[in-house]
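Participant: Have a look at the structure that comes next, please.
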């Protein structure tokens, strides 16, 4: 089953392990989100999964490991999106920033509950896990600053403190976990598009002003967030 | 002691009550921040204040009331800042937005721990308190949207979806509670200034580009946030 490439094809056994881990993480996240980390036991997770506790212990050493996995998801996903754009998307800094914006928003909204759990439970992370997650955040910021610096050097961006601008972009997108509703005024894709438009505006990239987006009528009534 | 004006001068008795309430809230916030709400008893709060529990009960009916008071602080302070600018600052929409930005950032950074506690503990609020706080957020957003609409109508702002822009502004400023450090690269005033510059940029207000701010040399070593 071993492969000579650097990205080996997963064997069925590995796939099953990955599936069981994913399912365990998803159920743990449901319960942490509903009841809080401290009020959720491994027994409760096993019960909701209809398995025994040893099933969970075969894949995770502790409840703390599950929490770390969940708390890392949002930033890991955002960082993966950023890295992929930097590695694969050619074009001007503005084009690359636009693609970063779009994928960053999608990463945040797809991990909304995981990010909420991180915000609530970061105190319950081990110092090592907290440090590891903070390092990912720092890496994200550093790479975003570098992209902004590149755009300033190229004369495309009009930003005077790129570190502050990177924190502002990180904030306006990350905060979407607070107000995003699945049945809100705009779809996930529209939100991603609009926030990216605002990010480019903040970077001082002149932009056209097409008509305001609107969601298909049947879902238009609900409001997005607070 | 009664006054005929609508804003009566506080009698000494009221001042003492206000002082005791404030001190109790501050100590409760310290403990909620350090240990979490569920792990903090009223006894522990009384102990740290060097008072008895009846002292606290004279001013608050329950631990839940203390939590509600703490969780409301950030948004109440931001809303008060917004209301004050709208009521007292004359000028163009851009000038008013700049003043809103500056005071909003200060409100958030001055309530950093209170906002962190809200993010962590919102699940522990009663539905009534949660609703009241959500209403304040909604009011804030609605008023900010109105100001942005005014600027668009006046041809000063270049924003295509003012509701999304209001959420983006709210997010980039609110998220500062995550990365702000008292001993960071920039002072609170500099951060307020820079974020406001970015908000105006996002609203499409053309801005000059003076030199980047820098903190007095002795405090320059530390970084702002993640």
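Residue numbers (our numbering), protein chains in the order written: chain L, 441 to 666; chain X, 441 to 666. Glycine included, C-beta positions come from ideal geometry on N, C-alpha and C. Just so you know, these numbers come straight off a predicted model, no measurement behind them.
(1) Taking the CB atoms as reference points, tell me whether residue 619 (chain X) and residue 614 (chain L) lie closer together than 7 Å.
(2) Which residue comes first and which comes last in the alpha helix (DSSP H) that contains residue 562 (chain L)?
(3) Grouping DSSP H, G and I as helix and E and B as strand, with all else coil, what is residue 666 (chain L)?
(4) Since residue 539 (chain L) and residue 548 (chain L) are thought to touch, with beta carbons under 8 Å apart, how far apart are those beta carbons, to the nearest angstrom?
(5) Taking Cβ positions only, does residue 646 (chain L) come closer than 7 Å to chain X?
(6) Near residue 635 (chain L), what residues of its chain come up, given a Cβ to Cβ distance below 8 Å and the 5 sequence neighbours on each side ignored?
(7) For the candidate residues X:568, X:608, X:558, whose alpha-carbon lies nearest to that of residue 477 (chain X)?
(8) Given residue 590 (chain L), which residues of its chain have a CB within under 7 Å of its CB, disregarding the five upstream and five downstream residues?
(9) Find the residues of chain X that neighbour residue 559 (chain L), judging by a C-beta separation of less than 8 Å, and give them in chain order.
(10) Closer than 8 Å is the cut-off here; do at least three beta carbon pairs connect the region 498 to 510 of chain L with the region 578 to 590 of chain L?
(11) When the cut-off is 7 Å and only beta carbons count, does residue 607 (chain L) lie next to chain X?
(12) So, with DSSP's three-state summary, where would you put residue 530 (chain X)?
(13) Whose Cβ in chain X lies nearer than 7 Å to the Cβ of residue 616 (chain L)?
(14) CA-CA distance, residue 637 (chain X) and residue 608 (chain X)?
(15) Flag residue 634 (chain L) as yes if its beta-carbon sits less than 7 Å from any beta-carbon of chain X, otherwise no.
(16) Rounded to the nearest angstrom, what separates residue 551 (chain L) and residue 605 (chain X) at their Cα positions?
(17) Within 8 Å, do at least three Cβ pairs link the region 515 to 527 of chain L to the region 477 to 492 of chain L?
(18) Return helix, strand or coil for residue 463 (chain L), following the three-state DSSP convention.
(19) When the Cα atoms are used, what is the spatial distance from residue 469 (chain X) to residue 521 (chain X)?
(20) I want to verify the contact list: residues of chain X whose CB lies under 9 Å from the CB of residue 476 (chain L), in sequence order.
(21) State yes or no: is the beta carbon of residue 543 (chain X) nearer than 7 Å to at least one beta carbon in chain L?
(22) Are the C-beta atoms of residue 624 (chain L) and some chain X residue less than 7 Å apart?
(23) Report the rounded CA-to-CA distance for residue 624 (chain X) versus residue 512 (chain L), giving the unit in angstroms.
(24) Could you name the residues of chain X that residue 628 (chain L) contacts, counting a contact when the two beta carbons are closer than 7 Å?
(25) Is it right to say residue 450 (chain L) is buried, meaning 16 or more other beta carbons lie within 10 angstroms of its own, or is it exposed?
Facilitator: From the atom records:
(1) Counting from 1 along the second chain, the entry for residue 619 (chain X) is found at position 179. Counting from 1 along the first chain, the entry for residue 614 (chain L) is found at position 174. Result no, Cβ atoms of residue 619 (chain X) and residue 614 (chain L) do not sit closer than 7 Å.
(2) Sequence index remark: in the first chain, residue 562 (chain L) carries index 122 (1-based). No alpha helix (DSSP H) contains residue 562 (chain L), which DSSP labels as neither H nor E.
(3) Within the first chain, residue 666 (chain L) is the residue found at index 226, counting from 1. Residue placement at residue 666 (chain L) is flagged as unreliable, the pLDDT there being 41, under the threshold of 50; a coordinate-derived value is accordingly withheld.
(4) As a first step, residue 539 (chain L) must be located in the first chain, where it is residue number 99. As a first step, residue 548 (chain L) must be located in the first chain, where it is residue number 108. Not quite, the Cβ-Cβ distance comes to about 15 Å (not below 8 Å), so this is no contact.
(5) As a position in the first chain, residue 646 (chain L) is number 206, starting the count at 1. Cβ-Cβ to chain X under 7 Å: no for residue 646 (chain L).
(6) Taking the first chain and counting its residues from 1, the one referred to as residue 635 (chain L) is at position 195. Only 541, 545, 612, 613, 616 meet the Cβ criterion.
(7) By 1-based counting over the second chain, the position of residue 477 (chain X) is 37. Nearest C-alpha to residue 477 (chain X): X:558.
(8) The residue you call residue 590 (chain L) lines up with position 150 of the first chain. 533.
(9) Numbered from 1 along the first chain, position 119 holds the residue referred to as residue 559 (chain L). Under the 8 Å cutoff, chain X gives 559, 560.
(10) no
(11) Here residue 607 (chain L) refers to the residue found at position 167 when the first chain is read from its first residue. Yes - at least one Cβ of chain X is within 7 Å of the one on residue 607 (chain L).
(12) Walking along the second chain from the start, residue 530 (chain X) turns up at place 90. Note: residue 530 (chain X) maps to coil in three-state DSSP.
(13) By one-based count along the first chain, residue 616 (chain L) stands at place 176. Going along chain X in sequence order, the residues near residue 616 (chain L) (Cβ under 7 Å) are 611.
(14) Start at 1 with the first residue of the second chain, and residue 637 (chain X) comes out as number 197. Start at 1 with the first residue of the second chain, and residue 608 (chain X) comes out as number 168. Roughly 14 Å separates the two Cα atoms.
(15) Reading the first chain from its first residue, position 194 is the one you call residue 634 (chain L). It does: the Cβ of residue 634 (chain L) has a partner Cβ on chain X nearer than 7 Å.
(16) Here residue 551 (chain L) refers to the residue found at position 111 when the first chain is read from its first residue. Here residue 605 (chain X) refers to the residue found at position 165 when the second chain is read from its first residue. If you take the alpha carbons of residue 551 (chain L) and residue 605 (chain X), they lie about 22 Å apart.
(17) no
(18) Residue 463 (chain L) sits at position 23 when you count from the first residue of the first chain. Helix at residue 463 (chain L).
(19) On the second chain, position 29 is the one that residue 469 (chain X) refers to. On the second chain, position 81 is the one that residue 521 (chain X) refers to. Each residue's alpha carbon lies about 22 Å from the other.
(20) In the first chain, residue 476 (chain L) corresponds to position 36, counting from 1. What residue 476 (chain L) touches in chain X: 478, 563, 564.
(21) Counting from 1 along the second chain, the entry for residue 543 (chain X) is found at position 103. So, not an interface residue.
(22) Locating residue 624 (chain L) in the first chain gives position 184, where the first residue counts as 1. No, no contact with chain X.
(23) As a first step, residue 624 (chain X) must be located in the second chain, where it is residue number 184. As a first step, residue 512 (chain L) must be located in the first chain, where it is residue number 72. Cα to Cα, residue 624 (chain X) sits roughly 25 Å from residue 512 (chain L).
(24) Along the first chain, read from residue 1 onward, the residue named residue 628 (chain L) stands at position 188. What residue 628 (chain L) touches in chain X: nothing, since even the nearest Cβ is about 13 Å away.
(25) Taking the first chain and counting its residues from 1, the one referred to as residue 450 (chain L) is at position 10. Residue 450 (chain L) comes out exposed.
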